[in-house]
Amino acid sequence: MADDVVEDFRASSGRITGVLGVIFCIGVVVLGLAERERGFPPSIVWAALFGAVLFWAATLRPRVRVTASELCMRNMLSTVSVPLASIEQIVVRQVLSVRAGERRYVSAAVGKSWRQAMRSDRPRKQGAEASYPVFVEERLHKLAEDARAREGIALMSDEQLALARGVRREWAWPEIVMLTFTALGFVVALVA
């Protein structure tokens with residue numbers, strides 16, 4: 610990220626499950642390495658390593674950040690950077706969905722439970738506090754509006770469409786390599 614982070618939105622769910630999953634998997638790996646003399650199957654150790662990386666990538670890695678000029682959605686295996694002024698629509702249902710140009714980008718970092726999503730169609734009561742996903746949606750709308758105003762770009766204009774071509778996707782190579790390596794290790798241990 611070239612710009613400094615303006616806002617960092619925490620994930621709305623899955624953090625506790627992710628931490629517990631990683632700890633459990635690492636515990637299985639430690640147990641497997643300690644008990645390998647007694648015949649602990651190496652395939653279980655490889656499966657636990659794969660599980661630890663998968664828990665990390667799926668539940669702990671996702672994040673949503675806003676810089677001065679971009680919305681950065683870090684997902685399981687990639688990070689998508691969308692110019693703020695190019696954002697046409699933001700919706701938070703079970704995942705965060707952003708439309709820029711003719712493309713839709715999603716992030717599982719912020720989302721509503723099924724129950725919250727069903728309730729979100731009803732208007733909020735006067736003075737009622739918004740849930741965290743609703744807060745994030747409203748805040749991202751405001752940041753995108755401010756970016757368009759700052760750059761003098763009208764919503765649904767040709768300039769906005771041209772700016773949407775600047776969306777970048779960067780792959781999470783460490784996670785991809787570790788998932789591939791541990792999956793291959795599991796297959797080899799299973800066959801051997």
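Under the numbering used here, the first residue of the sequence shown is numbered 610, with each subsequent residue one higher. Beta carbons are placed, not taken as given, at the ideal position from N, Cα and C, and that holds for glycine. Being a predicted model, the structure only gives us computed values, none of them experimental.
- Checking the DSSP bridge columns, you'll see S687 partnered with W780.
- With the rule of 3 Cβ pairs closer than 8 Å, the stretch 612 to 626 counts as touching the stretch 737 to 747.
- In this structure, the alpha-carbon of V689 lies about 19 Å from that of R757.
- Beta-carbon to beta-carbon, V707 and Y714 are separated by about 5 Å, close enough to satisfy the 8 Å threshold.
- Between E697 and M765, the CB-CB gap stays under 8 Å.
- For V615, the closest of K721, R728, L749 and N684 by C-alpha to C-alpha distance is L749.
- DSSP places S716 within a strand segment (E or B) once states are collapsed to three.
- Less than 8 Å divides the Cβ of F659 from the Cβ of L788.
- For R702, the closest alpha carbon among the candidates V628, G630 and F744 is that of F744.
- In the structure shown, Q698 adopts extended strand secondary structure according to DSSP, grouped into three states.
- Within the DSSP secondary-structure output, M682 pairs in a beta bridge with V673 and V689.
- K721 sits buried, since 16 or more C-beta atoms from the chains shown fall within 10 Å of its C-beta.
- For the pair T676 and L669, the Cα-to-Cα distance works out to about 21 Å.
- The three-state reading of DSSP puts D617 in strand, counting E and B together.
- By the 16-neighbour rule on beta-carbons within 10 angstroms, V662 is buried.
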